[in-house]
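Working notes for the structure below.
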Amino acid sequence: GCNPLAETGRSKLQNQRAVLNQQILRAVRMRAGAENLLRATTNNKVREQVLLELSFVNSDLQILKEELEGLNISVEVYQNAEETFSIPLVPLGLKETKEVDFTLPLKDFILEHYSEDSSEYEDEIADLMDLRQACRTPSRDQAGIEMLISYFLQLGYVENRFFPPTRHMGVLFTWYDSFTGVPVCQQNLLLEKASILFNIGALYTQIGTRCNRQTQEGLENAVDAFQKAAGVLSYLKETFTHTPSYDMSPAMLNVLVKMMLAQARECVFEQTGLSGIRNEFFTLVKMTQEVAKVGEVYVLLDTAMNQEPVKENIPYSWSKLAQIKSDHYKALAHYFIATILCDHELQPGDDEDQQEKALSQLYDHMPEGLIALAVLKDKVHRKQLGKAHLRRAIVYHEEALRVCGLCKKLRNIDVLQEVLTAAHKRSLLKYAQQETEDDFLSLIQAPDVLPKTEHKIETIPPQFSKVKVKDFFHKLGPLTVFSAKQRWTAPRTIRIPQGAGGLGFHLKGGSPAQIYCLDPACPAASLGLKEGDYVVSVGGVDCKWLGVNEVLAKLRSVEEQPLEMEVVSCQDTAASLHSKSATYSVGMQKTYSLICLAMDEDKIDQTKKAPLKLPFLSWGTKNRQKAASTLCLPSAVAGSSQTKKKLSPFTLLNTESSLY
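Its first residue numbered 100, the sequence shown is counted upward by one per residue in our numbering.
Below you can see the structure in the form of structure tokens.
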């Protein structure tokens with residue numbers, strides 16, 4: 100990872116984000132305490148003081164939210180350092196997290212579950228913690244992406260090795276919402292995996308915005324980065340469907356995917372005009388259709404950003420920027436078609452049929468009383484229709500400038516103001532160059548331009564298989580056998596004396612070798628060897644990764660002396676149930692809700708459920724025994740009665756609590 104103390108613009112923003120997250124956490128805790136006091140007290144004077152305090156805290160939270168939004172729209176820091184004349188692209192900020200200490204939980208589990216000396220795995224645990232720490236400050240390049248993916252894949256190994264589906268490990272993961280700053284604390288490793296996936300997508304967006312959009316290679320890299328970001332976020336939405344933070348809710352992820360694909364489409368249009376736009380009929384037709392497509396995707400994005408529940412948490416400046424871009428690119432589409440009509444007369448040598456076909460494809464329908472070929476041949480009609488398009492272009496440009504002026508954050512982005520102003524002036528100049536005597540006689544309304552593109556933009560799914568990682572805890576044995584889902588006996592030493600004759604058993608399977616066809620009368624059976632045992636060592640040499648032939652070779656090599664081997668037995672006769680975590684979408688209904696459940700040691704109140712729509716920065720309610728975190732999740736109380744209880748629909752089986 101990068102040096103967390105490096106004084107780069109990006110690191111300063113992330114440090115400011117971390118400070119804001121802590122301030123939001125303190126304010127949210129104060130508000131939760133004030134709300135609890137308000138519910139508990141009956142003294143009118145105290146209630147007045149608490150209400151006054153609540154109004155202050157809520158105002159403070161709103162100010163902090165606006166400061167966090169300011170960080171999210173600080174797009175200049177992420178743009179390419181070269182001097183550019185392009186509308187800035189929007190990156191996602193990385194989610195912040197607290198440090199996690201895996202040492203004690205993993206060492207205890209290794210000793211308890213695998214019956215191995217946990218001190219031998221201190222280096223592996225340290226490597227895991229170092230990798231996680233490095234992932235908090237990844238470099239903004241492919242190496243940073245690969246590091247995040249390698250940690251994500253390691254979490255898969257760690258989950259299978261150390262996180263059984265029937266209990267928690269006592270490792271608390273804390274991640275802050277990228278948009279609201281609200282912390283989410285869970286003992287579920289799936290929160291960690293989902294947050295790392297979000298950061299992979301966010302880092303791709305930062306790589307895309309950093310690309311040099313003045314070169315063909317830079318634009319190609321930007322398109323690729325935004326498509327990959329959309330692919331990662333889409334994968335996150337489909338795989339982790341019940342996430343507790345707003346930034347990873349299905350509705351928000353759906354909007355973010357649309358935004359990344361819209362920015363990829365914008366870069367494709369810039370590629371089309373990178374070498375310059377020739378003032379030629381068919382070239383301008385192509386540019387008109389491409390830029391109309393960009394305007395269309397930004398209209399859809401703006402609509403999605405203004406839908407509930409996303410509208411309350413999406414940065415206001417992002418929504419306004421999408422609206423500005425939709426107006427700007429629609430204006431460019433009308434400007435290009437106006438240029439076609441005003442600057443290009445049908446010459447005797449031109450292909451009338453091709454030009455008529457190209458012009459008619461730009462419209463869903465021609466203006467009333469006009470046909471494409473007549474417009475091409477009649478100079479007056481061409482001028483009138485061209486000026487009608489210029490008027491619409493000017494209206495869209497002025498609307499884009501007006502919206503930009505209404506948003507304080509966007510007003511401060513100089514290059515955005517420059518691009519919008521230059522495009523507006525160009526359309527005004529083009530309009531002023533046309534003849535003006537027929538303005539009051541022209542009643543033609545310019546129709547909408549039909550979008551069309553030759554470039555397909557779609558999500559690129561994450562290619563996790565391209566990043567090769569080695570399981571840090573490889574020494575524990577093959578993961579298919581030695582996992583947290585299967586319980587094992589402690590290793591038993593079987594000492595077969597010299598001259599005992601044959602072994603009295605066969606071996607089968609891959610790694611590790613398994614005992615089968617055990618002769619009950621053989622010496623090994625009388626010493627405690629059982630059918631189905633796994634051979635983990637022979638003569639003090641670890642055999643967990645050795646196949647049948649290799650284990651037999653070791654057994655033959657010690658035939659002339661007493662044979663000593665260690666075996667373990669699986670205590671589970673049936674495969675463990677799949678984790679019931681709501682994070683997985685397999686067989687689960689795809690819904691998103693924030694449910695706060697309070698739970699006693701002796702009973703579950705099924706009637707108390709939080710309202711479906713929660714206010715901004717909802718911190719949850721107090722548990723009957725202690726203050727809850729962002730969500731009050733159901734959990735089993737240690738030492739509770741084993742009597743079968745009637746469970747509510749929101750209570751998970753056994754002692755698991757859902758990620759969310």
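For glycine and all other residues, C-beta sits at the position ideal for the given N, C-alpha and C.
Please read these numbers as outputs of a predicted model, since none were measured by experiment.
Straight-line gap, residue i to residue j (C-alpha atoms, nearest Å)
{"i": "Lys-476", "j": "Glu-444", "result": "7 Å"}
{"i": "Asn-511", "j": "Ile-493", "result": "23 Å"}
{"i": "Glu-291", "j": "Ala-242", "result": "20 Å"}
{"i": "Ser-636", "j": "Ile-559", "result": "45 Å"}
{"i": "Val-640", "j": "Leu-628", "result": "18 Å"}
{"i": "Arg-377", "j": "Gln-454", "result": "16 Å"}
{"i": "Glu-411", "j": "Gln-460", "result": "40 Å"}
{"i": "Gln-422", "j": "Thr-265", "result": "49 Å"}
{"i": "Gln-613", "j": "Gly-631", "result": "6 Å"}
{"i": "Val-390", "j": "Cys-234", "result": "38 Å"}
{"i": "Tyr-334", "j": "Pro-561", "result": "8 Å"}
{"i": "Tyr-213", "j": "Trp-587", "result": "7 Å"}
{"i": "Gln-533", "j": "Pro-466", "result": "20 Å"}
{"i": "Leu-500", "j": "Tyr-415", "result": "16 Å"}
{"i": "Glu-134", "j": "Asn-142", "result": "14 Å"}
{"i": "Gln-585", "j": "Cys-669", "result": "7 Å"}
{"i": "Thr-382", "j": "Ile-439", "result": "10 Å"}
{"i": "Val-127", "j": "Val-281", "result": "8 Å"}
{"i": "Glu-557", "j": "Val-396", "result": "13 Å"}
{"i": "Asp-226", "j": "Gln-232", "result": "10 Å"}
{"i": "Val-356", "j": "Met-347", "result": "12 Å"}
Residue i, enclosing beta strand (DSSP E) - first and last residue
{"i": "Tyr-213", "result": "Segment: none, Tyr-213 is in no beta strand (DSSP E) and carries neither H nor E."}
{"i": "Tyr-633", "result": "633–637"}
{"i": "Cys-366", "result": "Looking at the DSSP string, Cys-366 is not in any beta strand (DSSP E); the run it does join, the alpha helix (DSSP H), is 349–371."}
{"i": "Phe-272", "result": "272–275"}
{"i": "Ile-614", "result": "613–615"}
Neighbourhood of residue i by C-beta distance below 8 Å, restricted to the same chain and skipping five residues each side
{"i": "Ile-413", "result": "Phe-278, Met-351, Val-354, Met-404"}
{"i": "Arg-594", "result": "Leu-626, Pro-661, Leu-662, Glu-663"}
{"i": "Leu-254", "result": "Leu-288, Glu-291, Lys-292, Ile-295"}
{"i": "Arg-490", "result": "Tyr-530, Ala-545"}
{"i": "Leu-505", "result": "Lys-419"}
{"i": "His-464", "result": "Pro-546"}
{"i": "Leu-119", "result": "Leu-163, Glu-166, Leu-167, Leu-170, Gly-280"}
{"i": "Leu-247", "result": "Cys-234, Pro-237, Ile-295, Asn-298, Ile-299, Leu-302"}
Where the alpha helix (DSSP H) containing residue i begins and where it ends
{"i": "Gln-422", "result": "415–442"}
{"i": "Leu-593", "result": "Correcting the residue type first, residue 593 is Ile in the shown sequence and not Leu. Segment 591–595 is the beta strand (DSSP E) holding Ile-593; no alpha helix (DSSP H) there."}
{"i": "Tyr-334", "result": "315–338"}
{"i": "Gln-532", "result": "Unbroken run through Gln-532: none, as it is neither H nor E."}
{"i": "Lys-555", "result": "Segment: none, Lys-555 is in no alpha helix (DSSP H) and carries neither H nor E."}
{"i": "Ser-459", "result": "451–459"}
{"i": "Met-228", "result": "221–233"}
{"i": "Arg-650", "result": "Note on identity: in this sequence residue 650 is Val, with Arg being the wrong assignment. That run of the alpha helix (DSSP H) goes 647–656."}
{"i": "Pro-622", "result": "622–625"}
{"i": "Arg-510", "result": "507–510"}
Coil, strand or helix - residue i by DSSP
{"i": "Phe-251", "result": "helix"}
{"i": "Glu-407", "result": "coil"}
{"i": "Asp-477", "result": "coil"}
{"i": "His-605", "result": "strand"}
{"i": "Ile-306", "result": "helix"}
{"i": "Glu-517", "result": "helix"}
{"i": "Val-667", "result": "strand"}
{"i": "Pro-661", "result": "coil"}
{"i": "Asp-641", "result": "strand"}
{"i": "Pro-282", "result": "strand"}
{"i": "Val-398", "result": "helix"}
{"i": "Thr-196", "result": "strand"}
{"i": "Val-548", "result": "strand"}
Nonlocal neighbours in the same chain, by C-beta distance under 6 Å from residue i, ignoring five residues either side
{"i": "Ser-249", "result": "Val-566, Val-568"}
{"i": "Val-82", "result": "Summary: the structure shown does not reach residue 82, with the chain confined to residues 100 through 759, and so no result is reported for it."}
{"i": "Asp-207", "result": "none"}
{"i": "Leu-230", "result": "Tyr-250"}
{"i": "Leu-137", "result": "Val-149"}
{"i": "Gln-362", "result": "Leu-188, Phe-325"}
Proximity test, residue i beta-carbon vs the ligand HEM heavy atom, cut-off 7 Å
{"i": "Met-268", "result": "This structure lacks the ligand HEM; in fact it carries no ligand of any kind."}
Own chain, CB closer than 7 Å to residue i, minus 5 neighbours either side, in chain order
{"i": "Ile-436", "result": "Thr-387, Leu-461, His-488, Val-548"}
{"i": "Tyr-345", "result": "Asp-276, Phe-278, Thr-279, Met-351, Asn-412"}
Closer than 8 Å to chain B by CB, residue i
{"i": "Gly-394", "result": "Protein chains in the displayed structure number just one, and chain B is not present."}
Residue ranges of each alpha helix (DSSP H) run of no fewer than 4 residues wholly in the stretch 129–175, ordered along the chain? With a minimum length of 4 residues, the continuous alpha helix (DSSP H) runs that stay inside the stretch 129–175 are 143–171.
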